[in-house]
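Engineer: The sequence shown stops at residue 1443 when you use this note's numbering, and every number in between is there.
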Amino acid sequence: MKTALLFPAISFVLLPLAVAAPAEPGAGGPAAAIMAEIANTETGGDTVAWVVSPGMRNEVTIKTADGFRTVTSNGWPDHEPGQFPRRGNPNTPTGQQYKFRMPLAPKAAEAPVFRGGWWWGVALNGVPFEPGTGETWNNDPRSGWRYEAATGFLNLGLDEHNAHVQPNGSYHYHALPKGMVEKLGGDEKKMLLVGWAADGFPLYTSRAFSEPKNAGSALRAMKSSYRLRDGRRPEEPEGPGGAFDGRFSQDFEFVKDSGDLDECNGRTGVTPEFPEGTYYYCITAEFPFVPRKWRGEPDASFGKGGPPPGGGGRGGMRPGGAPRGILEEPGGPPQGGLGGPGGRPQGVPPVMEALDLNKDGRLDRDELGKAAESLKKLDANGDGTIGPEEYRPAGGAGGAGGRP
């Protein structure tokens, strides 16, 4: 079995090598400079290793007082998160400081409520839900076409728990939090409460009573009332063109009574926690997965007050070009292969390519033991050193779409 090692272990192997790298404040030497290039390069390629915050564990407190429920957490899940950085998501999860508040007696608003750039809700383990993404067609938020994270067309690095990481280190769910559901015993034999929306109404998995007001009725998976639109999107420059296939949130439309749930992906009925009945939301297996709107007014504690959501990389990108992440077809490889037609995957650091002999995206002990020999391949001019022009990805210091 291969062992995924952390960057410090790789740095240790590289230290004896003569590497001509420019000195940078706080860089920690030439080997550290190379490792920084690997760690900071924003690519769609595979990652070097699993980098996690040492000593992190789930910390969450849920209290009710003065008419409110308060969830305080460090945002670290109660299950083992996936490996990050990872293909499609170059970010590393870190502890956060969350304090979410919601009313104990929520009230429905006159119409569904939407807020862009907010956390939609919070799971029982203190990890927030954020169904939307920051990735848009042509990298233009004004285009009105926002990519979906969970439909399989744009790989934003979701792990096995349908979560990934924002640039600030916040781990968050885009769909069903599988690891947490397993820890709670699953939902095969019971309605399972998994969290709370920002407006205070409860959130369950898709399995609910087939008869909304009958707790003795059979459980079945609730169906969303959203469907793919018919026809095609507007062609450029008005839109991305192509058939409505689910790669954009705007490919879907709400069709009343076509499923079990309303526009907010919820309904009213009895639940184990609310035997007298309540409005509740469901996480469905199909769009919208996690609801996109609220039935009531969300509490301001869920507002971020920062840049739009997203997990594919850092913000500040100008309109034009491909989105962060890796464009893929569901069930198939990325368009043009891992890195487009021919050559090595776009933006994969040459150091990583040289060391990763079996091309599995990780460095095992055998590969690290051969590091000195492997890195000789990067010495293109044969001068016995490896300069920035040799260890950096093609296309500049940061590679395609990377940093300047």
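Where a beta carbon is used, it is the ideal one built from N, C-alpha and C, also for glycine.
1. Would the segment 1118 to 1136 count as touching the segment 1300 to 1307 if we require 3 or more Cβ pairs under 8 Å?
2. Please classify ILE1425: does DSSP put it in a helix, a strand, or coil?
3. State the start and end residues of the unbroken beta strand (DSSP E) segment that holds MET1141.
4. With LYS1222 as the anchor, note down where its alpha helix (DSSP H) starts and where it stops.
5. What are the complete beta strand (DSSP E) segments, minimum 3 residues, inside the segment 1118 to 1202?
6. How many angstroms separate the CA atom of VAL1309 from the CA atom of MET1230?
7. For ARG1272, tell me which candidate among LYS1146, TRP1158 and TRP1176 has the shortest Cα-Cα distance.
8. Taking the straight line between their C-alpha atoms, what separation do you get for PHE1153 and LYS1262?
9. Rounded to whole angstroms, what's the CA-CA distance from ASP1395 to GLY1196? Just pull it up for me.
10. Would you call the segment 1139 to 1155 and the segment 1224 to 1244 touching, i.e. three or more CB-CB distances under 8 Å?
11. Taking GLU1292 as part of the beta strand (DSSP E), name the residues at either end of that continuous run.
12. Counting only runs of 3+ residues fully inside the segment 1222 to 1309, write out the beta strand (DSSP E) ranges in chain order.
13. With a 10 Å radius around its C-beta and 16 neighbouring C-beta atoms as the bar for buried, classify LYS1295 as buried or exposed.
14. Is THR1100 buried or exposed, if buried means 16 or more other CB atoms sit within 10 Å of its CB?
15. Between the C-alpha atoms of TYR1186 and LYS1332, what's the straight-line distance to the nearest angstrom?
16. Which class does LYS1409 belong to by DSSP, given the choice of helix, strand or coil?
17. What does DSSP give as the partner residue(s) for SER1112 in the beta ladder?
18. Just checking my contact of ALA1257 with SER1264 at CB under 8 Å: how many whole Å lie between their CB atoms?
19. May I ask which residues mark the beginning and end of the beta strand (DSSP E) holding HIS1211?
20. Going by C-alpha to C-alpha distance, which of TYR1243, LEU1267, GLY1106 and GLY1165 sits closest to SER1288?
21. Flag this pair as yes or no: are the beta carbons of ASP1338 and PRO1180 separated by less than 9 Å?
22. Taking only three categories from DSSP, how would you classify ALA1104?
23. Taking the alpha-carbon positions, what's the GLY1423 to LYS1415 distance?
24. Could you tell me which residues DSSP pairs with GLY1342 in its beta bridges?
25. Suppose contacts are defined by Cβ-Cβ distances below 9 Å. Is THR1103 in contact with THR1111 by that definition?
26. So who's on the other strand from GLY1335, going by DSSP bridges?
27. Can you tell me whether PRO1348 is helix, strand or coil according to DSSP?
28. Where GLY1342 and GLN1136 are concerned, what is the direct C-alpha to C-alpha distance, given to the nearest angstrom?
29. What number of angstroms, rounded off, separates the C-alpha of GLU1325 from the C-alpha of ASP1198?
30. Spatial neighbours of PRO1362 within its chain, please: CB distance less than 8 Å, with the 5 preceding and 5 following residues excluded, ordered by chain position.
31. Less than 7 Å between C-beta atoms, sequence neighbours within five positions excluded: which residues of the same chain meet that for GLY1270?
32. At the 9 Å Cβ level, is LEU1300 part of the contact set with chain D, yes or no?
33. Just to check my reading of the structure: TYR1243 and TYR1318 have Cβ atoms closer than 8 Å, yes? What is that Cβ distance to the nearest angstrom?
34. Do ALA1188 and PRO1170 come within 9 Å of each other at the CB atom, strictly closer than that value?
35. With H, G and I counted as helix, E and B as strand and the rest as coil, what does DSSP make of VAL1204?
36. When you compare only the Cα positions, how much space is there between ALA1214 and ASN1164?
Structural biologist: In terms of the structure at hand:
1. no
2. coil
3. 1137 to 1142
4. 1217 to 1222
5. 1137 to 1142, 1147 to 1152 and 1160 to 1162
6. 10 Å
7. TRP1176
8. 21 Å
9. 20 Å
10. yes
11. 1291 to 1293
12. 1232 to 1236, 1241 to 1243, 1246 to 1248, 1258 to 1260, 1265 to 1267, 1291 to 1293 and 1305 to 1308
13. exposed
14. exposed
15. 17 Å
16. coil
17. VAL1099 and TYR1137
18. Not confirmed; about 21 Å, so no contact.
19. 1210 to 1212
20. LEU1267
21. no
22. strand
23. 8 Å
24. TRP1157
25. no
26. ALA1147
27. At PRO1348, the pLDDT of 47 sits below 50, so the modelled position is not reliable; the number obtained from the coordinates is stated separately. PRO1348 falls in the coil class under three-state DSSP.
28. 14 Å
29. 17 Å
30. GLU1174, THR1175, TRP1176, ASN1178, TYR1186, LEU1193 and GLY1351
31. PHE1283
32. Given the protein chain composition of this structure (a single chain), no chain D is represented.
33. Contact doesn't hold; Cβ gap of about 11 Å is too wide.
34. yes
35. strand
36. 15 Å
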